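Chemist: Here the protein sequences come in this chain order: W and L.
Under the working numbering, the first residue of the first sequence is numbered 1, with each subsequent residue one higher.
Under the working numbering, the first residue of the second sequence is numbered 114, with each subsequent residue one higher.
The C-beta atom is built at its ideal place from N, Cα and C for all residues, glycine as well.
Computed from a prediction, not measured in an experiment: that's the story for all the values here.
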Amino acid sequence: ELKVEQNPLFLSMQEGKNYTIYCNYSTTSDRLYWYRQDPGKSLESLFVLLSNGAVKQEGRLMASLDTKARLSTLHITAAVHDLSATYFCAVDPNLQGAQKLVFGQGTRLTINP
Amino acid sequence: NAGVTQTPKFQVLKTGQSMTLQCAQDMNHEYMSWYRQDPGMGLRLIHYSVGAGITDQGEVPNGYNVSRSTTEDFPLRLLSAAPSQTSVYFCASRGNSATNTGELFFGEGSRLTVL
């Protein structure tokens, strides 16, 4: 059974600092997704990573995937308050006919002025 | 594009009442699913469907029924609401991951309170 773990679950940081959120998963997969959720809102797709070594960047956020290590990272550069949200990673188990994604627990990120 | 549309956005029920949360998608996605989100629990899969006429249970199916008569619609039924079903419910859909990115698209959510 595929398990997905995010670390840390809570992160409070200052504006201008850099930090990384980690997403580990337990079985082979080469498809991973990152989502953002603002309080009281739905989940918004941030990044789609579809192969080993994939790297995607959008503004101050950069996501990467290492399928050999079964690890994805979401790096925040020079954080700003607007990035405060909960971030989820989700992994595709890559099983024939099994289309459901498995989500991590989420990382609640708070960026303080 | 409308994407994934859920109704209602808010609902208050009394214990024992029944109701249906509606979900429709206009992206011709084969896969549809229902999640519930509770504080500190992340997203938990209730039921899912890989195509019209095909449904299966997720992680927390008890107390919920689904059906998939068309590709577009995937309603979630609460047969006899309980306070433990107070939650935010999200419907989501994705295309076949063999032919596209497999990205999951979410509806806006339905906030349900059971008194």
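Whole beta strand (DSSP E) runs in the segment 38-93 of chain W with 3 or more residues, listed along the chain?
Modeler: Counting only runs of 3 or more, we get 43-49, 55-58, 61-66, 71-76, 85-91.
Chemist: For a test of the three-state rule: what should DSSP assign to Gln-198 (chain L), helix, strand or coil?
Modeler: Residue numbering aside, residue 198 (chain L) sits at position 85 when the second sequence is read from its first letter. In this structure, Gln-198 (chain L) counts as helix in the three-state DSSP scheme.
Chemist: In whole angstroms, what separates the C-alpha of Thr-110 (chain W) from that of Met-62 (chain W)?
Modeler: One-based indexing of the first sequence puts residue 110 (chain W) at position 110. One-based indexing of the first sequence puts residue 62 (chain W) at position 62. Approximately 18 Å, taken between the alpha carbons.
Chemist: Can you tell me whether Met-145 (chain L) is buried or exposed? The criterion is at least 16 other CB atoms within 10 Å of its CB, across all chains shown.
Modeler: In the second sequence, the residue the question calls residue 145 (chain L) occupies position 32. Answer is buried; the Cβ neighbour count reaches 16.
Chemist: Does the segment 182-189 of chain L touch the segment 155-171 of chain L, meaning 3 or more C-beta pairs lie closer than 8 Å?
Modeler: Short answer: they touch.
Chemist: Using the Cα positions of Tyr-177 (chain L) and Cys-136 (chain L), report the straight-line distance between them to the nearest angstrom.
Modeler: The residue you call residue 177 (chain L) lines up with position 64 of the second sequence. The residue you call residue 136 (chain L) lines up with position 23 of the second sequence. Each residue's alpha carbon lies about 14 Å from the other.
Chemist: For a contact meaning CB atoms closer than 9 Å, what does Ala-90 (chain W) contact in chain L?
Modeler: The residue given as residue 90 (chain W) occupies position 90 in the first sequence. What Ala-90 (chain W) touches in chain L: Leu-156, Leu-217.
Chemist: Taking one C-beta from the segment 19-26 of chain W and one from the segment 44-52 of chain W each time, how about it: are there three or more such pairs within less than 8 Å?
Modeler: At 8 Å Cβ cutoff, the stretches do not touch.
Chemist: Within 8 Å (strictly less), CB to CB, does Tyr-161 (chain L) reach chain W?
Modeler: The sequence position of residue 161 (chain L) within the second sequence is 48, counting from 1. Closer than 8 Å: yes.
Chemist: How far does the beta strand (DSSP E) with Glu-172 (chain L) in it reach, from first residue to last?
Modeler: By 1-based counting over the second sequence, the position of residue 172 (chain L) is 59. No beta strand (DSSP E) contains Glu-172 (chain L), which DSSP labels as neither H nor E.
Chemist: For Ala-115 (chain L), is the classification buried or exposed, using 16 other Cβ atoms within 10 angstroms of its Cβ as the cut-off for buried?
Modeler: Mapped onto the second sequence, residue 115 (chain L) falls at position 2. It counts as exposed.
Chemist: Taking Cβ positions only, does Ser-29 (chain W) come closer than 8 Å to chain L?
Modeler: On the first sequence, residue 29 (chain W) is found 29 positions in, with the first residue counted as 1. No - not a single Cβ of chain L is within 8 Å of the one on Ser-29 (chain W).
Chemist: Residues bridged to Met-132 (chain L) by DSSP?
Modeler: Position 19 of the second sequence, counting from 1, holds the residue named residue 132 (chain L). Met-132 (chain L) is bridged to L:Leu-191.
Chemist: Tell me whether Phe-103 (chain W) is buried or exposed, calling it buried when 16 or more other Cβ atoms sit within 10 Å of its Cβ.
Modeler: On the first sequence, residue 103 (chain W) is found 103 positions in, with the first residue counted as 1. Classification for Phe-103 (chain W): buried.
Chemist: By alpha-carbon positions, which one of W:Arg-60, W:Ser-26, W:Ser-64 ends up nearest to Gly-53 (chain W)?
Modeler: Counting from one through the first sequence, the residue named residue 53 (chain W) turns up at place 53. Here the closest residue by C-alpha is W:Ser-64.
Chemist: By the three-class DSSP mapping on this structure, what secondary structure does Ser-206 (chain L) have?
Modeler: What you label residue 206 (chain L) is simply residue 93 of the second sequence in a count that begins at 1. Ser-206 (chain L) falls in the strand class under three-state DSSP.
Chemist: Roughly how many angstroms lie between the CA atoms of Met-140 (chain L) and Asp-186 (chain L), to the nearest whole one?
Modeler: For this step, residue 140 (chain L) is matched to residue 27 along the second sequence. For this step, residue 186 (chain L) is matched to residue 73 along the second sequence. In a straight line, the C-alpha of Met-140 (chain L) is about 11 Å away from that of Asp-186 (chain L).
Chemist: Tell me the DSSP bridge mates of Met-145 (chain L)?
Modeler: Against the second sequence, residue 145 (chain L) aligns to sequence position 32. Note: Met-145 (chain L) sits in a beta bridge opposite L:Ser-162, L:Ser-206.
Chemist: Compare the beta carbon distance of Tyr-33 (chain W) and Leu-217 (chain L) with 8 Å and say whether it is the shorter of the two.
Modeler: Here residue 33 (chain W) is taken as the residue at index 33 of the first sequence, counted from 1. Here residue 217 (chain L) is taken as the residue at index 104 of the second sequence, counted from 1. In contact: Tyr-33 (chain W) and Leu-217 (chain L) (Cβ atoms closer than 8 Å).
Chemist: Under 7 Å between beta-carbons, which chain W residues line up against Glu-221 (chain L)? List them in chain order, please.
Modeler: Within the second sequence, numbered from 1, the residue matching residue 221 (chain L) stands at position 108. Per Cβ cutoff of 7 Å: Ser-42.
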